[in-house]
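Worksheet: the structure to be examined is printed underneath.
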Amino acid sequence: MKETRYVSADEAVKAVRSHDHIHLGSIASVPMVLVEALTRRAEAGELKDLHFHHFHTEGPAPYADPKFEGIFFEQGFFVAGNTRASVNAGYADYLPVHLSESGRLYRSGAIPLGVAMVQVSEPDENGMVSLGTSVDCSVAAIETARDVIAVMNPNVPFAYGDLISLDQIDYVVKDDRPLIEKAYMEPSEIEQKIGKICADLIPDGACIQMGIGSLPNAVASQLVGHQNLGVHSEMFADGVLDLIRKGVVNGSQKKIDTGKTIASFLMGSKDVYEFIDHNPDVLMRSIEYVNNPFNIALNDKVMAINSATEVDFTGQICADSIGTRIYSGTGGQLDFVRGATMSKGGKSITAFASRTNKGFSKITPILKPGAGVVTPRSDAHYIVTEFGWVDLTGKSLQERAKLMISIAHPDDREELDRAAFERFGPHYHNFSI
Numbered sequence: 001m002k003e004t005r006y007v008s009a010d011e012a013v014k015a016v017r018s019h020d021h022i023h024l025g026s027i028a029s030v031p032m033v034l035v036e037a038l039t040r041r042a043e044a045g046e047l048k049d050l051h052f053h054h055f056h057t058e059g060p061a062p063y064a065d066p067k068f069e070g071i072f073f074e075q076g077f078f079v080a081g082n083t084r085a086s087v088n089a090g091y092a093d094y095l096p097v098h099l100s101e102s103g104r105l106y107r108s109g110a111i112p113l114g115v116a117m118v119q120v121s122e123p124d125e126n127g128m129v130s131l132g133t134s135v136d137c138s139v140a141a142i143e144t145a146r147d148v149i150a151v152m153n154p155n156v157p158f159a160y161g162d163l164i165s166l167d168q169i170d171y172v173v174k175d176d177r178p179l180i181e182k183a184y185m186e187p188s189e190i191e192q193k194i195g196k197i198c199a200d201l202i203p204d205g206a207c208i209q210m211g212i213g214s215l216p217n218a219v220a221s222q223l224v225g226h227q228n229l230g231v232h233s234e235m236f237a238d239g240v241l242d243l244i245r246k247g248v249v250n251g252s253q254k255k256i257d258t259g260k261t262i263a264s265f266l267m268g269s270k271d272v273y274e275f276i277d278h279n280p281d282v283l284m285r286s287i288e289y290v291n292n293p294f295n296i297a298l299n300d301k302v303m304a305i306n307s308a309t310e311v312d313f314t315g316q317i318c319a320d321s322i323g324t325r326i327y328s329g330t331g332g333q334l335d336f337v338r339g340a341t342m343s344k345g346g347k348s349i350t351a352f353a354s355r356t357n358k359g360f361s362k363i364t365p366i367l368k369p370g371a372g373v374v375t376p377r378s379d380a381h382y383i384v385t386e387f388g389w390v391d392l393t394g395k396s397l398q399e400r401a402k403l404m405i406s407i408a409h410p411d412d413r414e415e416l417d418r419a420a421f422e423r424f425g426p427h428y429h430n431f432s433i
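Residue 4 in this note's numbering sits at position 4 of the sequence shown, with consecutive numbering throughout.
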């Protein structure tokens, strides 16, 4: 049994050694007081060759700053705006992994974890603490790291689910800065159209998965007339919270975790964070549990709603990059695509606007050179734009091209049809869908 020590941040990060791999608590709950203390050690020339691993982070990211080249090396499992420029300039890097398998990187020793740095709630009467809004792969990190440093913060909600014992923590640092919040993003007119189409594909009693942003908010806003929905999702935000409060989401039809809302991390308003505090109807679980496709499939009518940066004629879905430029990450998209596909009555839905903000078609003859295929064409099913939906299940390449072109922007269809003819030859126009 470990002896937990309550120390300052500067004292705690003395546990970090040169060449260590460090797990960093993510999303809204980055332990910034530890990052700042570690930065001071770096500036004093005490460390070199530290590798950082985490889901996407918000706020300042000195661990990806070019001025710390040779000292800090960011290798996140997901890329956000605070590290994107450094990753694409080569000062930081991206480590591709399905989120369901991120914990296994630590448990298997593929990433030999030196230190886990996380934020936790204040303890309950049994000496248990919660990872609050960011359970993610931190459970695996805590169980495998040589040293565990936890920031105990009263602003971290005590969320039920996978809890941590104080006995598992080597050093505790006190801090009370607020969690990072993300304002509600109002959907555009196009996103509202897409949200309506997606909602029409979702039956009552379904178990939904979707992320954060204006498009998921558009889908949520169109679900207010539904009944008995459940949530089993790697994350949720204010749009889903509104459905819970209106009684649309109650989890009554779920086969596992019946009546419970299941997630692994959150990003939203303070209202979302306060909602999960000591709320027995919400379970924040390890990403290894939440994103396991076999667990996902145990519920009926799983509706996995994800997005894309680009989709080609054949259904290859790019969601992590724009050409060779890394934009985000593999995330849990394929975890839920496959879980929904295996679910009785489930649907995998990929939804996106037909054009980029600059007016380029997101439906393309081929993906840009260097683009990442997050969901293979063999896993692509329902595709939605503001111009409708198509189901690629059981369709050949030429059939897929015709279907995809039918939901492209009307001004792009003639050019796309010409590209399909050039690709597939003169027989392309000789059949209908």
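In this text, a Cβ means the ideal position worked out from N, Cα and C, and glycines have one as well.
Are the Cβ atoms of residue i and residue j separated by less than 7 Å?
i: Val13; j: Ala37; result: yes
i: Lys301; j: Gly205; result: yes
i: Tyr153; j: Asp124; result: The question names Tyr, yet the displayed sequence has Asn at residue 153. Taking 7 Å as the Cβ cut-off, Asn153 and Asp124 do not qualify as a contacting pair.
i: Lys193; j: Glu399; result: no
i: Met128; j: Leu163; result: yes
i: Asn292; j: Ser100; result: yes
i: Gln75; j: Asp93; result: yes
i: Gln333; j: Thr393; result: no
i: Ile407; j: Gly388; result: yes
i: Tyr222; j: Lys196; result: Here residue 222 turns out to be Gln, not Tyr, going by the sequence shown. A contact, by the Cβ cut-off of 7 Å.
i: Tyr106; j: Thr57; result: no
i: Ile202; j: Ala237; result: no
i: Ala462; j: Val33; result: With the chain represented from 1 up to 433, any question about residue 462 goes unanswered, as that position is not in the structure.
i: Asp312; j: Ile349; result: no
i: Ile405; j: Asp417; result: yes
i: Ala159; j: Ser130; result: yes
i: Thr330; j: Pro157; result: no
i: Asn299; j: Lys347; result: no
i: Phe352; j: Ala308; result: yes
i: Arg325; j: His409; result: no
i: Phe68; j: Ala42; result: yes
Taking its Cβ as the centre, do 16 or more other Cβ atoms sit within 10 Å of residue i, making it buried, or is it exposed?
i: His19; result: exposed
i: Ser264; result: buried
i: Glu310; result: buried
i: Ala183; result: exposed
i: Asp200; result: exposed
i: Asn217; result: buried
i: Glu328; result: Looking at the sequence itself, residue 328 is Ser, so the reference to Glu does not match. The residue is buried, with at least 16 neighbouring Cβ atoms inside 10 Å.
i: Arg5; result: exposed
i: Gly161; result: buried
i: Gly109; result: exposed
i: Asn295; result: buried
i: Ile433; result: exposed
i: Phe275; result: buried
i: Asn155; result: buried
i: Gly315; result: buried
i: Phe360; result: exposed
i: Ser102; result: buried
i: Asn357; result: exposed
i: Asn126; result: exposed
Could you name the residues of the same chain whose beta carbon sits closer than 6 Å to that of residue i, not counting the 5 residues immediately before and after it, in chain order?
i: Ala28; result: Thr133, Leu179, Ile180, Met267
i: Ala371; result: Cys318, Ser321, Gly323
i: Ser233; result: Gln209, Ala263
i: Ala297; result: Gly339, Met342, Ser343
i: Phe424; result: Gln398
i: Leu24; result: Phe52, His54, Met117
i: Lys368; result: Gly323
i: Pro66; result: Tyr91
i: Pro62; result: Thr39
i: Phe72; result: Leu50, Tyr63
Relative to the alpha-carbon of residue i, which residue among the options has its alpha-carbon at the smallest distance?
i: Val16; options: Thr4, Arg5, Glu46, Met32; result: Glu46
i: Lys260; options: Gly230, Asp277, Lys246; result: Gly230
i: Asn228; options: Met284, Arg245, Ser214; result: Arg245
i: Arg177; options: Ile326, Ala237, Val30; result: Val30
i: Ser165; options: Pro365, Ala150, Val173, Pro157; result: Ala150
i: His51; options: Thr83, Ile111, Ala44; result: Ile111
i: Met235; options: Asp417, His381, Val272, Lys67; result: Val272
i: Ala141; options: Leu397, Ile22, Ser214; result: Ile22
i: Arg285; options: Asp257, Val224, Asn306, Ala308; result: Asp257
i: Ile383; options: Ile71, Cys198, Asn88; result: Cys198
i: His278; options: Glu191, Glu3, Asp242, Ser121; result: Ser121
With a threshold of 7 Å between beta carbons, is residue i in contact with chain D?
i: Ala89; result: Considering every chain present, this structure includes no chain D. It has just one protein chain.
Going along the chain, which residues of its own chain have a beta-carbon closer than 8 Å to the beta-carbon of residue i, five neighbours each way excluded?
i: Phe421; result: Tyr428, His429
i: Gly59; result: Val30, Met32, Asn82, Ile180
Only counting the same chain, and skipping five residues up and downstream in sequence, which positions put a Cβ closer than 7 Å to that of residue i?
i: Asp136; result: Ser26, Phe55, Ser264, Phe265, Ile287
i: Asp281; result: Gly259, Lys260, Thr261
Ignoring anything shorter than 3 residues, give me the beta strand (DSSP E) runs that lie fully in the segment 323-404, in order along the chain. 347-351, 382-385, 388-391
Which runs of the alpha helix (DSSP H) fall wholly inside the segment 17-103 and span at least 4 residues, in chain order? 32-43, 84-89
Which ranges would you report for the beta strand (DSSP E) in the segment 133-184 if only whole runs of at least 3 residues count? Counting only runs of 3 or more, we get 147-152, 163-165, 171-174.
Which parts of the segment 187-218 are runs of the beta strand (DSSP E), unbroken and 3 residues or longer, counting only runs that do not cross its ends? 207-209
List in chain order: all unbroken alpha helix (DSSP H) runs of 4+ residues lying wholly within the segment 270-298. List check, alpha helix (DSSP H) in window: 270-276, 287-290, 293-296.
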